[in-house]
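All you need for this note's numbering is the position in the sequence shown, starting with 1, plus 2. Backbone N, C-alpha and C define an ideal beta-carbon position, used for all residues, glycine too. Since we're looking at a predicted model, the values are computed, not measured.
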Amino acid sequence: MLIYNSQNHRKEEFKTIEEGKVRMYVCGPTVYDQIHIGNARTFLSFDVVRRYLQYKGYQVTFAQNLTDVDDKIINRANEEGRTAAEVAEEYSQAFIDQMHRFNILDPDIRPRATREIEAMQEMIKSLIEQGNAYVADNGDVYFSVRSDHNYGILSGRNLDQMRAGERVEVNDQKRDPFDFALWKTAKPGEPSWPSPWGEGRPGWHTECCAMIHHYLGTPIDIHGGGQDLIFPHHENETAQAMCAWHTALANLWMHTGMLRVDGEKMSKSLGNFYTLKEVLDKYSANAVRLLMLQTHYRSALDFRFELLDGAEGNVERLVSCVKNLRWAAKNAAADGKLTDADRALSAAVKEAQAEFTRQMDDDFNTSGAVAAIFGLVNTANKYLAEAGSTVETAVTLRAADAIQELLGVLGIDLSKALSEDELPHELVDLAKAHAGYEGDDANEAAELLLSARQEARAQKDWGRADAIRDGITALGLIIEDTANGARLRQSKKA
Ligand code: AMP
Ligand code: ZN
């Protein structure tokens, strides 16, 4: 399988450090507010990377931090008259809640910066001892970029060609403008921890690097984040690891393209953002995932709300195909005899599975993978329309299972949408009244009612046929005529 390594600017054959095992880390959010859908795109991309690696049989250990101490958190706390810890706790929980709603798997390890101070201080001490960091007059500790001959290796930058102020903070405590803070002296009222360099707090770049080393060991197999993190964040992470432990931080660096609005990167600072929460209040997680996955993770994704309406329709197509397959399977005579149509559907299932894997093996080409699933859906729909009541149960069920399984690898879960269609129990009473039913199963009752209505119509007993239909519609159901006979479904809620 090929994965694009941003460090080498090419797709490389994926090789794990330990046979069959993948250790991966994705930088988590700074918890000072709800995350926006640009952030969510990056987290989604790596959720799918992880799910696919698991599908391929790898044992994946996935770590993601929460940056719960930072200027943005402190500023928000000051504005609201709360402690930084309270703000961080609220938005850590909010982040986790939205990740669950978005069907993103929990990381195996979710370290919080404020609880990992010791590991960070160990790393900083080692960098000072080895001459890669210095303590400034005010007690800040800085990494000395000039001490690291490899600095720039990840982003392909050369220190002498870089301009000061370019994405790095300039201040008079630094020896070189590109030096970055490993430890920051606390200002009054800020959260702080004791250290050999005085009361202070860790720098952002220090956090991820120390936690990776502590929880996963270096180098790890995959390190991920958005493309905007390549410089300076990931450059600085890798510089610290090389200097502190003389190992690469990661064998493979993966970076996601930016989600944009009107051609501009979605970001808090530009104010052009939608929170994941507000989007999931209006649209299903399945639709948002489907839309995002139809663009390759390394490409920019231009977001527009109308696209989500389309995606919702596509999810509906998936749901109704699986529903129709399952329904047809239930009503088919399982005679085990395969027609040409059955054999063609069987072959289409195998081909879709193989194509899905081919696409995903090519640097997680999710849009190709989605196309493979829709190809199978089209074939299945045609099969149902043409095979009518002669469908073969096992083949039909296999197609439904395959569609759901492949979607599951993309974290698109149809089970809830499928179960929402369960028929109401009141049908039992209706079937008792109109069709002499004596059991207690809504599905059986439905079938009996439909055949009773059919019979009444055949006998031109319009009164009885209408009474049955009215009883059914009063329960919020509609009678749908399909190639496989009539059936009941929930009428769309307004
Ligand atoms: P932050 O909290 O800003 O560090 O962002 C968390 C993650 O979201 C990082 O991996 C960023 O690279 C990523 N990210 C931020 N903005 C966008 C965007 N517009 N599109 C995609 N990913 C983004
Ligand atoms: Zn990081």
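Candidates the options, of which the one nearest residue i by Cα
i           : options               : result
residue 57  : 355, 298, 396 and 242 : 355
residue 173 : 140, 46 and 159       : 140
residue 27  : 120, 91, 98 and 215   : 215
residue 181 : 384, 154 and 270      : 154
residue 334 : 360, 357, 396 and 303 : 396
residue 255 : 232, 248 and 244      : 232
residue 226 : 199, 289, 194 and 300 : 300
residue 45  : 463, 390, 148 and 290 : 290
residue 220 : 275, 242, 405 and 150 : 242
residue 400 : 367, 330 and 459      : 330
residue 337 : 392, 383, 479 and 269 : 392
residue 316 : 327, 269, 380 and 268 : 380
residue 127 : 267, 228, 185 and 192 : 185
residue 483 : 461, 456 and 477      : 456
residue 238 : 465, 411, 149 and 473 : 149
residue 24  : 92, 253, 199 and 285  : 253
residue 286 : 362, 302, 382 and 419 : 419
residue 68  : 312, 16, 33 and 345   : 33
residue 410 : 469, 51 and 31        : 51
residue 275 : 439, 36 and 16        : 36
residue 473 : 131, 318 and 433      : 433
residue 438 : 147, 454 and 468      : 454
residue 280 : 99, 201, 132 and 91   : 99
Assigned exposure category for residue i - 16 Cβ within 10 Å defines buried
i           : result
residue 265 : exposed
residue 86  : buried
residue 475 : exposed
residue 19  : exposed
residue 6   : buried
residue 97  : buried
residue 10  : exposed
residue 72  : buried
residue 249 : exposed
residue 447 : buried
residue 349 : exposed
residue 480 : exposed
residue 12  : exposed
residue 38  : buried
residue 449 : buried
residue 204 : buried
residue 273 : exposed
residue 183 : buried
residue 344 : buried
Opening and closing residue of the alpha helix (DSSP H) in which residue i lies
i           : result
residue 451 : 444–460
residue 206 : 206–217
residue 379 : 368–389
residue 76  : 73–82
residue 7   : Looking at the DSSP string, residue 7 is not in any alpha helix (DSSP H); the run it does join, the beta strand (DSSP E), is 4–7.
residue 57  : 39–57
residue 470 : 464–476
residue 431 : 428–437
residue 403 : 395–411
residue 244 : 237–247
residue 425 : Per DSSP, residue 425 belongs to no alpha helix (DSSP H) and is neither H nor E.
Nearest-angstrom beta carbon gap, residue j and residue i [assumed within contact, 8 Å]
i           : j           : result
residue 48  : residue 278 : Contact flag wrong, Cβ pair sits at about 15 Å.
residue 187 : residue 110 : Their Cβ separation, rounded to whole angstroms, is 34 Å, which puts residue 187 and residue 110 out of contact at 8 Å.
residue 60  : residue 22  : 6 Å
residue 414 : residue 324 : Actually they are not in contact, since the Cβ atoms of residue 414 and residue 324 sit about 11 Å apart, beyond 8 Å.
residue 376 : residue 408 : No, residue 376 and residue 408 are not in contact; Cβ-Cβ is about 11 Å, not under 8 Å.
residue 257 : residue 235 : Rounded, the Cβ-Cβ distance is 11 Å, inconsistent with contact.
residue 436 : residue 451 : 6 Å
residue 326 : residue 386 : 5 Å
residue 129 : residue 210 : The pair is not a contact, with the Cβ atoms about 15 Å apart (cut-off 8 Å).
residue 66  : residue 112 : 6 Å
residue 106 : residue 89  : Actually they do not touch by this definition, with Cβ atoms about 23 Å apart.
residue 416 : residue 321 : 6 Å
N-terminal and C-terminal residue of the beta strand (DSSP E) that residue i is part of
i           : result
residue 483 : 479–484
residue 102 : From DSSP, residue 102 is part of no beta strand (DSSP E) but of the alpha helix (DSSP H) over 86–103.
residue 252 : 252–258
residue 487 : 487–492
residue 261 : 261–263
residue 339 : Element bounds for residue 339: n/a, residue is neither H nor E.
residue 63  : 61–65
residue 26  : 23–28
residue 13  : 12–15
residue 364 : Per DSSP, residue 364 belongs to no beta strand (DSSP E) and is neither H nor E.
residue 226 : 222–228
Minimum length 4: unbroken alpha helix (DSSP H) runs contained in the region 106–189: 119–131
Whole alpha helix (DSSP H) elements within the region 271–322, 4-residue minimum: 278–284 and 287–295
Contact shell at 5 Å, judged by CB to any heavy atom of ligand 3, ordered along the chain: For ligand 3, the structure offers nothing, since it holds only ligand 1 and ligand 2.
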